[in-house]
Amino acid sequence: MLSHIDAKPKVGYFLGTAAHDVHAPSKLIESMKVKDVMGIPFLLRETVTVSDAVVALFLENVGSLMIVNQEGVLAGVVSRKDLLKVTLGHATATAMPVSLVMTRQPNIITVKPEDSVLEAARKMIHHEVDSLPVVKAIEGREGLEVVGRITKTTMTKLLLDVALGK
């Protein structure tokens, strides 16, 4: 019975070894790092137009895009909501640079690859965002390099995998 119940002759049935470790899934999640589950980031330069950002959003089928400057340093994040606000009812807005509508540093919530998955989940819930850029410091320069992303979909898949024992 998958070690949940064990039996001994003349003793009877008792809880098995698996029943003692009912918190194993939560321990597994607590030990996981962002680098273990992060996905590939979708980056755009801050000089692209809002129209290009909308096209990229749909082609990549993502909810947000990370915006970097010419040196590859994180400059901002633009979400579906940001693009919808600027384009709704403004046909000429699609020609403006995405840097005018993105959320800029220091207002971007980020995580590092070594952070725990639980910390990433707390940040996403607390700040009510759908995804977080995974960043690391750039040696010898100021700024952050985007090395990945973690999303609500990533978190849901992780929970499902742990629940199913994958």
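Residue numbers (full-length UniProt numbering): 1 to 166.
We treat Cβ as the ideally placed atom computed from N, Cα and C, and that holds for glycine.
Bear in mind the structure is a predicted one, so any value in this text is a computation, not a measurement.
- By the Cβ rule, the region 67-82 counts as touching the region 32-50, because three or more pairs are nearer than 8 Å.
- Pairing VAL73 with GLY89, the inter-Cα distance amounts to about 32 Å.
- Distance from the CA atom of ASP36 to the CA atom of THR110, rounded to whole angstroms, is 16 Å.
- In the three-state DSSP reduction, LEU59 falls in the helix class (H, G or I).
- In the structure shown, the three-state DSSP call for LYS157 is helix.
- Nearest Cα to GLU114 within the set LYS33, VAL135, PRO9: LYS33.
- Between the region 73-85 and the region 97-104, the count of Cβ pairs shorter than 8 Å is three or higher; the stretches touch.
- Distances from the alpha-carbon of VAL117 to those of ARG104, LEU132, GLU128, ILE108 put LEU132 closest.
- Only residues of its own chain outside the window of five on either side were considered, and among them VAL34, LYS35, MET38, PRO41, THR110, VAL111, LYS112, PRO113, VAL146, VAL147, GLY148, ARG149, ILE150 have a CB closer than 8 Å to the CB of VAL134, listed in chain order.
- In the DSSP annotation of this structure, the continuous segment of the beta strand (DSSP E) that includes ARG149 starts and ends at 144-151.
- For LEU144, the CB contacts under 6 Å within the same chain, skipping 5 residues up- and downstream, are LEU74, VAL135 in chain order.
- Ranked by Cα distance from LYS152, the first of GLY165, ILE138, ASP161, ILE125 is ILE125.
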